[in-house]
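Letter 118 of the sequence shown, counting from 1, is numbered 129 in our numbering, and no numbers are missing. Okay, structure first, notes after.
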Amino acid sequence: MRLLAGRVLLRGAAIACLLAAMPGHAQAVDPARLALGRQVIAIMYPPARRDAMMSEMVSALMAQIRGGTQLPPMFSDPGLKAIMDRAFASMPARLMPVISHNLPRMHEAIATAYAREFTAAELTEIVAFGRTPAGQRYFQRSGGLLSDRDVAAANTAYVAEAQQMNQQFSAQVRQEVTAYLGKHPELLNKAAPAPR
């Protein structure tokens with residue numbers, strides 16, 4: 012469930028930021044509803060635990076991505092495998108400063124999206140549930156479910172399948188671009204960096 016919540020959080024923030032950046036798309040948000048949206052975020056991600064919660068989610072996701080990533084056979088070489096293992100292991104630490112920097116904006120965007128999507132009465136009910144022991148546990152612990160063995164297995168399988176699809180798709184696009192550039196070689200000059 013927290014996997015879904017984490018993905019919704021990240022996707023929602025990305026969509027909210029994109030929509031807010033579009034000319035003429037900014038909508039006024041009722042300040043009372045926005046305040047309630049912020050309360051939902053504070054319950055889901057208590058400020059004192061936000062970084063730790065995000066770190067746990069990123070670490071779990073990176074482990075699952077690593078488990079589902081199919082590298083070419085040459086990466087069975089111990090030296091190359093060690094390089095890749097170090098690279099994957101370092102990703103959570105590399106990502107956390109970027110996540111921490113962007114988290115306030117993401118949370119504000121999601122609070123704003125909640126304020127647009129839900130009525131004040133609905134937000135009030137969500138906040139009331141979030142303040143109960145079950146609600147607090149639901150919102151704050153569901154991120155830890157990314158580490159559940161069944162969720163991890165499902166995510167690892169998903170990553171492997173998505174990677175295979177992506178490789179096939181990338182190969183197809185490369186072929187199409189190569190064929191197009193073969194017919195339009197003048198475009199290759201535009202791709203070259205300008206001399207300094």
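All C-beta atoms in this analysis are idealised placements derived from N, C-alpha and C, irrespective of residue type, glycine included. Given the structure is predicted, the values throughout are model-derived calculations rather than measurements.
*asked:* For histidine 195 and glutamine 186, I'd like the C-alpha separation in whole angstroms.
replied: Looking at the two C-alpha atoms, the distance is approximately 14 Å.
*asked:* So glycine 141 and valine 40 are supposed to be a Cβ contact under 8 Å. How far apart are they, rounded?
replied: At roughly 20 Å, the Cβ-Cβ gap does not stay under 8 Å, so glycine 141 and valine 40 are not in contact.
_First through last residue of the alpha helix (DSSP H) which encompasses glycine 193_ = For glycine 193, the enclosing alpha helix (DSSP H) covers residues 160-194.
*Report the option in Thr167, Ala132, Ile110, Ala182 whose CA atom is closest to the CA atom of isoleucine 76.*
Thr167
*Test item: CB-CB of glycine 79 and glutamate 172 under 9 Å*: Yes; because the gap between Cβ atoms is below 9 Å, this pair is in contact.
*asked:* Helix, strand or coil, according to DSSP, for glycine 35 in the structure here?
replied: Caution is warranted here: a pLDDT of 44 is assigned to glycine 35, below 50, making its placement in the model unreliable, and the coordinate value is therefore given only provisionally. Three-state result, glycine 35: coil.
*asked:* Below 8 Å on the Cβ atoms is my contact criterion, and I expect leucine 5 with alanine 122 to pass it. Report the Cβ-Cβ distance as a whole number of Å.
replied: Nothing about residue 5 can be read from this structure; the chain reaches only from 12 to 207.
*asked:* Restricting to Cα atoms, I'd like to know which of Met95, Val170, Gln151, Glu67 is closest to alanine 53.
replied: Among Met95, Val170, Gln151, Glu67, the Cα nearest to that of alanine 53 is on Gln151.
*Taking the alpha carbon of methionine 102 as the point to measure from, which residue in Pro89, Leu72, Ala124 has its own alpha carbon closest?*
When each option's Cα is compared against that of methionine 102, the closest is Leu72.
*Can you tell me which of Ser181, Ser158, Val162 puts its alpha carbon nearest to the alpha carbon of methionine 64?*
For methionine 64, the nearest C-alpha among the options comes from Ser158.
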